[in-house]
Amino acid sequence: MASPRLRYGRYSRTGNVYSLTTTTHGREPFFSDAGNVAVLVDALRFVERSGISHSLAWVVMPDHLHWLMELQKGTLAQCMALLKSRSSRQLNRISGRKGPLWQHGYHDHAVRTDESLHDKAMYILGNPVRAGLAGGLGDYPHAWCRWPL
């Protein structure tokens, strides 16, 4: 089993802010469907209501999720496991599909105290613009941020 200190960013600390990215299995564009996006957004809100995370910004791309959040309790692994399992169960039930929705693992970056959270959020929200899915910040329907754009 890998050490929880293998990478600095994987050493989960409550109160720290993390930028997380996770990808669908086989990079399937499962979130091109607005109904599927709604289920994932519900799962994000469930994790927050559970007291595990506090969301600062997120953007749901067709085949992956970018999420800026503050870890409130537990570990990043527990947080991501809850998000992935809840969204997978719901989406598989609704769509009648079987099998994994998400690739194993996720990418994380522990946001340093000298990094601007607002700038990090704007970078995350800029992903649809850079991918050609939106003309500008605020134009993409599957994104949210706690700060005004």
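Numbered as in my numbering, the sequence shown ends at 152 without a single skipped number.
Just so you know, even glycine gets a beta-carbon here, dropped at the ideal spot from N, CA and C.
These numbers were taken from a predicted model, which means no experiment stands behind them.
Look at L86 here: in three-state DSSP terms it is helix.
A direct Cα-to-Cα measurement between G139 and V132 gives close to 6 angstroms.
Contact between the region 35–53 and the region 81–88 is established, with three or more Cβ pairs separated by less than 8 angstroms. Taking each of Q75, A37, D45 and I55 in turn and checking the Cα distance to M64, the smallest one comes out for A37.
The straight-line gap separating the alpha-carbon atoms of R149 and H121 is approximately 9 angstroms.
K76 places its beta carbon 7 angstroms or farther from that of T25.
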